[in-house]
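Following: one structure in structure tokens, then a few remarks.
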Amino acid sequence: MKRILDVKNLQVSLPTPNGNLRAVRGIDLHVNKGEMLCIVGESGCGKSMTSMALMGLLPKRAEVTAETMYFDGMDLLSLSKKERNQVRGMRMSMIFQEPMTSLNPSYTLGNQLCEGIIKHKKVSKDEAKKRAVYLLERAGVPYPEKRLDQYPHQLSGGLRQRVMIAMALMCEPDLIIADEPTTALDVTIQAQILRLIRELQQEFGTAVIFITHDLGVVARIADRVAVMYAGQVVETASAQDLFADPQHPYTKGLLNCIPIPGKTLPGSHLESIPGVVPSLIGELKGCAFENRCSASIGECCYRSPSLENHLGSEAHQVRCPVATTSFQEAV
Amino acid sequence: MAEYALELSNLSRHFYLKNGAFKEPTLLKAVDGISLRIRPGETLGLVGESGCGKSTLAKMILGLLEPTDGDVLINDKMRGASSRLSMSRQLQPIFQDPYSSLNPRKTIEQIIRLPLQLHKIGDAKSQQKAVQDISDLVGLPERLLKNYPGQLSGGQRQRVAIARALILKPNILVCDEPTSALDVSVQAQILNLLMDLKKELGLTYLFISHNLGVVEHLVDRVAVMYRGKIVEQGTREEIFQNAQHPYTQALLSSVLTPEPALGLPEVLDSSAWDRAS
Chain C
12 MKRILDVKNL QVSLPTPNGN LRAVRGIDLH VNKGEMLCIV GESGCGKSMT
62 SMALMGLLPK RAEVTAETMY FDGMDLLSLS KKERNQVRGM RMSMIFQEPM
112 TSLNPSYTLG NQLCEGIIKH KKVSKDEAKK RAVYLLERAG VPYPEKRLDQ
162 YPHQLSGGLR QRVMIAMALM CEPDLIIADE PTTALDVTIQ AQILRLIREL
212 QQEFGTAVIF ITHDLGVVAR IADRVAVMYA GQVVETASAQ DLFADPQHPY
262 TKGLLNCIPI PGKTLPGSHL ESIPGVVPSL IGELKGCAFE NRCSASIGEC
312 CYRSPSLENH LGSEAHQVRC PVATTSFQEA V
Chain X
-1 MAEYALELSN LSRHFYLKNG AFKEPTLLKA VDGISLRIRP GETLGLVGES
49 GCGKSTLAKM ILGLLEPTDG DVLINDKMRG ASSRLSMSRQ LQPIFQDPYS
99 SLNPRKTIEQ IIRLPLQLHK IGDAKSQQKA VQDISDLVGL PERLLKNYPG
149 QLSGGQRQRV AIARALILKP NILVCDEPTS ALDVSVQAQI LNLLMDLKKE
199 LGLTYLFISH NLGVVEHLVD RVAVMYRGKI VEQGTREEIF QNAQHPYTQA
249 LLSSVLTPEP ALGLPEVLDS SAWDRAS
């Protein structure tokens, strides 16, 4: 399978008055062509920082380093600003969380939809409009021709998100990063938008990095999942494996604390993960999850675990010595 | 004891939306003739999508918004018959966003204590004791009392909001999306706390949420709201196992449980339930 994106040891740190905030602390990530990779984690785990770093949208003061960051054979780190601008928008595009704030209120939708393709692909205005109408229609926006002259405030939240999706597809990108695209929407609309993203992704063969905090969404949409905690990937596996056989104590904890209709006994005591996420300012000693973990052993508080294969398979990796040793003992 | 802790009869709130200086304003029926009853000790879940009028309803119950029509009865007494101050002894809110509902310039102790001061209950010493007791009850460590909201995590702040709501010993809590701003691991802690408090203090909850998983876990009865009206209500079993209204059915089918094999649900468009309501 061809990798469209291959990132090794991505780190992002931001200077704050209290010291360096290490938001992303060494992430290895790859996305295959046409694949849906979900990054899941709670607020502050660095998932949005990762996506912004991949897109090159972080402010200058943020320090982004990586061993390698290849996009379709191109080294993103060595590109000049101009070359990076060529890639962004044309070959990599993004769907943002808030369709209310990420569309410009003072330009028409047609203007915003066509801007990128006119700039990147040097097509005429008419051709750009044609494509915009086609994609709006594919995205399920009624009266697509009329929408081109409308402003964002004239549309509902769900429709705006559909416009965002159409916009992301304008230049036929190879990779779309969707950062919590359905969080601001109602559940019925969410299901429709997820279906749409899935359908269009399969139709156009686009790779998607889907960022969310909602494990329900992940289970239903992902091919592969990476669970993030405190700026690191703690577990990665196919969606099937992750939900059927979670290994990391954090993943298990997350799955246990959601009440599931029809499964969890109503009114019963829910399992929760005690404590809070550690501060990411400065160095973290040992495992980041150690203070909240029920399975921690002595070495957890000083040895930082690395991402190891589970059952010898590269497809399922876990960052927890306890999970991997208990397997070895069992064998 | 009152027969109903909270009773709404034919409650409505209309807004007029301006369409410019010379055009007729549009009438928006945010809440349109809602009648609901909650017995003491019962938890009623109110579900519905954004803009359906859930929060307008909550505001009217809390007395933050005047109804256009209809009555709110709290413990069999009309809201409005007595002052807001005395009503607040019986009914307290927990808001959605613990990041904006706490005053950033007051310490946690001051925030929790303020209702006691407003109601002139006890002296300084007994108030301090009450604050400590209630913090214990909601699982807030005592060392945090001198801190400011900005130094607390989301879950801790929501505990502060619950402590502040409970310090006047009300029997009804109106919870407007109390966990939707929290991470799932923290959400479970707060839900457990709400369930424990209910058992311990015999509280009545009006629990407003769009998260059906949470609603099913917590409530005894459910009311489904759509465009300002209640389209269906019933016990938890009736709604979750045998929903009648197409909108309720659509809501239930769009709940995404973490089961990869199920894939994405087919969702009807809104015309199906618009016709039914």
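One line per chain: the protein sequences are C and X, in this order. Under the numbering used here, think of the first position of the first sequence as 12, with each following residue one higher. Under the numbering used here, think of the first position of the second sequence as -1, with each following residue one higher. Idealized CB from N, CA, C, for every residue including glycine.
Residue span of the beta strand (DSSP E) that contains residue i, given as start and end
i	result
residue 7/X	4 to 15
residue 324/C	324 to 329
residue 51/C	47 to 51
residue 254/C	From DSSP, residue 254/C is part of no beta strand (DSSP E) but of the alpha helix (DSSP H) over 250 to 255.
residue 35/X	24 to 36
residue 227/C	Element bounds for residue 227/C: not the beta strand (DSSP E) but the alpha helix (DSSP H), 226 to 232.
residue 103/C	103 to 106
residue 189/C	186 to 190
Closest by C-alpha distance to residue i, when choosing among the options
i	options	result
residue 271/X	248/X, 252/X, 263/X, 254/X	248/X
residue 326/C	189/C, 111/C, 253/C	253/C
residue 47/C	188/C, 224/C, 114/C	188/C
residue 34/C	307/C, 123/C, 214/C, 291/C	291/C
residue 75/X	246/X, -1/X, 211/X	-1/X
residue 108/C	159/C, 195/C, 178/C	195/C
residue 166/C	212/C, 115/C, 181/C, 209/C	115/C
residue 49/C	144/C, 232/C, 309/C, 154/C	232/C
residue 191/C	183/C, 180/C, 175/C	175/C
residue 279/C	213/X, 203/X, 147/X	213/X
residue 1/X	245/X, 202/X, 155/X	202/X
residue 68/C	105/C, 136/C, 140/C	105/C
residue 276/X	78/X, 137/X, 234/X	Chain X is shown from -1 up to 275; residue 276/X falls before or after that span and cannot be answered.
residue 185/X	53/C, 37/C, 229/C	53/C
Own chain partners of residue i with C-beta closer than 8 Å, once the 5 adjacent residues on each side are dropped
i	result
residue 44/C	12, 13, 14, 15, 185, 216, 218
residue 8/X	31, 32, 33, 67, 68, 69
residue 253/X	210, 211
residue 221/X	34, 42, 43, 44, 45, 228, 230, 231
residue 338/C	With a pLDDT of 49 at residue 338/C, under the threshold of 50, the predicted position of this residue should be treated as unreliable, and no value is reported.
Residues bridged to residue i [DSSP beta-bridge criterion]
i	result
residue 243/X	Bridge partners of residue 243/X: none, in fact.
residue 230/X	222/X
residue 38/C	21/C
residue 244/C	239/C
residue 205/X	43/X, 173/X
residue 66/C	Residue 66/C is not bridged to any residue.
residue 259/X	Partner(s): none; residue 259/X has no beta bridge.
Close beta carbons around residue i, own chain, < 7 Å, minus the five adjacent residues each side
i	result
residue 281/C	268, 270
residue 151/C	173, 207
residue 113/X	162, 165, 166
residue 209/C	232
Cβ-based neighbour list, residue i, same chain, cut-off 6 Å, excluding 5 preceding and 5 following
i	result
residue 47/X	none
residue 31/C	24
residue 318/C	328, 330
residue 234/C	46, 47
residue 143/X	106, 107
residue 111/C	none
residue 200/C	169
residue 17/C	41, 81
Chain X contact for residue i (CB, 8 Å cutoff)
i	result
residue 30/C	no
residue 205/C	yes
residue 281/C	yes
residue 338/C	Here residue 338/C scores only 49 on pLDDT, less than 50, and its place in the model is too uncertain to base an answer on.
residue 328/C	no
residue 341/C	For residue 341/C, the predicted structure reports a pLDDT of 47, less than 50, and the residue's modelled location is therefore unreliable. The matter cannot be settled from this model.
residue 256/C	no
residue 227/C	yes
residue 316/C	no
residue 54/C	yes
residue 365/C	Residue 365/C lies beyond the range of chain C shown here (12 to 342); nothing can be said about it.
residue 222/C	no
CB contact check: residue i to chain C, cutoff 8 Å
i	result
residue 158/X	no
residue 134/X	no
residue 58/X	no
residue 181/X	yes
residue 249/X	yes
residue 234/X	yes
Endpoints, alpha helix (DSSP H) assigned at residue i
i	result
residue 155/C	155 to 158
residue 180/C	168 to 180
residue 201/C	198 to 215
residue 81/C	First-last for residue 81/C: 79 to 82, but that is the beta strand (DSSP E), not the alpha helix (DSSP H).
residue 119/X	Premise fails: residue 119/X is in no alpha helix (DSSP H) and is neither H nor E.
residue 68/X	Premise fails: residue 68/X lies in the beta strand (DSSP E), 67 to 72, not in any alpha helix (DSSP H).
Residue-level contact to chain D via CB, residue i, 8 Å cutoff
i	result
residue 269/C	The chain inventory of the structure shown lacks chain D, comprising the protein chains C and X.
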